[in-house]
Amino acid sequence: MGGKYRSVFDIIGPAMIGPSSSHTAGAVAIGRKARQIFADEIKSVRVDHYESFAMTHKGHGTDYALAAGVLGMEPDDSRVPQAVEVARDQGIQIDFIEHTEPSPIHHPNTAILTIKNEHKEVVVAGCSVGGGTIELREIQIDGVTIRPTGPLPMLLTWIQVEQMFTIENMITAGGSSVLKIITQEINQETVLVIYELDKRPNVKVLADLQDACQQVVCL
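Right, dumping it as structure tokens:
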């Protein structure tokens, strides 16, 4: 099986509430990953839809699916269709904007989420590539822009520069291969290092990384 699908289940898609694995389950996944990256109390969410998402987001449930993901719901959660109302009941301002121009990340199923609170802002540009599978093609966090080169999984780690190879060794010792490393300096003491992986690290490795790093997000 070629392309970006790793198994037949990537084509069939996951168990979900909604009409479309690309427009609903994939949208939940984008929202969940954005929530993980933000990792703080959410006050507002702006969703910019492009191309296919812009044309069909209301009818295909993309809006409520993204809201459900931002709230941390699973795709098969019975509350998914009410997620926009649930978010607003929790005091989260959520807005959806349709764009007529091409997707800035070059995929028809594009949603760009801007998540904010009083002291933090994160922008996640994601696309749903089919069967509930997603790619995050641009992330803006801590004043830097990161453009991952491939599909998930990946690790975002906030560490000291001298820890880079130690962290890489911890990842590979757990059985994951590091496909690419992207680094962005945050300040004189901290760098954001993204490790693109062939598979998600196991629970023990993730626990060890949490102890070793200032912050870790596994996507």
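Under full-length UniProt numbering, the first residue of the sequence shown carries the number 1, and numbering increases by one thereafter. Just so you know, even glycine gets a beta-carbon here, dropped at the ideal spot from N, CA and C.
Does DSSP classify residue i as helix, strand or coil?
i    : result
A212 : helix
Q36  : helix
N169 : helix
T114 : strand
G132 : coil
Q160 : coil
L219 : coil
F152 : Here the sequence assigns Leu to residue 152, which means Phe is not the residue at that position. Here L152 sits in coil by DSSP.
E196 : strand
I94  : strand
R79  : coil
G13  : Any reading at G13 must be qualified, since the residue scores a pLDDT of 47, below 50, and its modelled position is unreliable; no value is offered.
A204 : It should be pointed out that residue 204 corresponds to Lys in this sequence rather than to Ala. Reduced to three states, the DSSP call for K204 is helix.
Keeping to the same chain, check which residues put their C-beta closer than 7 Å to that of residue i; ignore five residues upstream and five downstream.
i    : result
Q210 : V216
V8   : Here V8 scores only 38 on pLDDT, less than 50, and its place in the model should not be relied on; the value that follows carries that caveat. There are no such residues.
H99  : D48, H49, Y50, A54
Q140 : V122, V123
Q214 : W158, I159, T190
Spell out the partners DSSP gives residue i in its beta bridges.
i    : result
S177 : Its beta-bridge partners do not exist; DSSP assigns none.
T145 : Q140
M73  : Paired residue(s): none; M73 is not in a bridge.
Q184 : L192
H106 : Its beta-bridge partners do not exist; DSSP assigns none.
D89  : Its beta-bridge partners do not exist; DSSP assigns none.
A125 : I112, E138
V45  : I94, I115
K120 : N117
E51  : N109
Taking Cβ positions, are residue i and residue j nearer each other than 8 Å?
i    : j    : result
G61  : I30  : no
L113 : L155 : no
S103 : E51  : yes
K58  : I92  : no
A54  : A27  : no
T157 : Y195 : yes
V45  : I97  : no
A67  : I94  : yes
P151 : L219 : no
T183 : Q160 : no
Measure how close the beta-carbons of residue i and residue j come, nearest whole angstrom, since I'm counting them as under 8 Å.
i    : j    : result
T145 : E138 : 6 Å
D208 : M170 : 6 Å
Between residue i and the rest of its own chain, which residues show a CB-CB distance below 6 Å, the 5 nearest in sequence each way excluded?
i    : result
I186 : D142, L192
G174 : P201, N202, V205
A212 : none
G13  : Here the model assigns G13 a pLDDT of 47, short of 50, so the residue's position is not dependable, and the following value carries that caveat. These residues qualify, in order along the chain: S21, A25, G131, G132.
D89  : none
N109 : S22, S52, F53, C127, S128
H107 : C127
R32  : G69
F38  : I115, V122
For residue i, collect the residues of the same chain with a Cβ closer than 8 Å to its Cβ; drop the 5 residues on either side in sequence, then sort them by chain order.
i    : result
E168 : V178, I181, Y195
Q82  : Y64
R79  : A68, M73, V86
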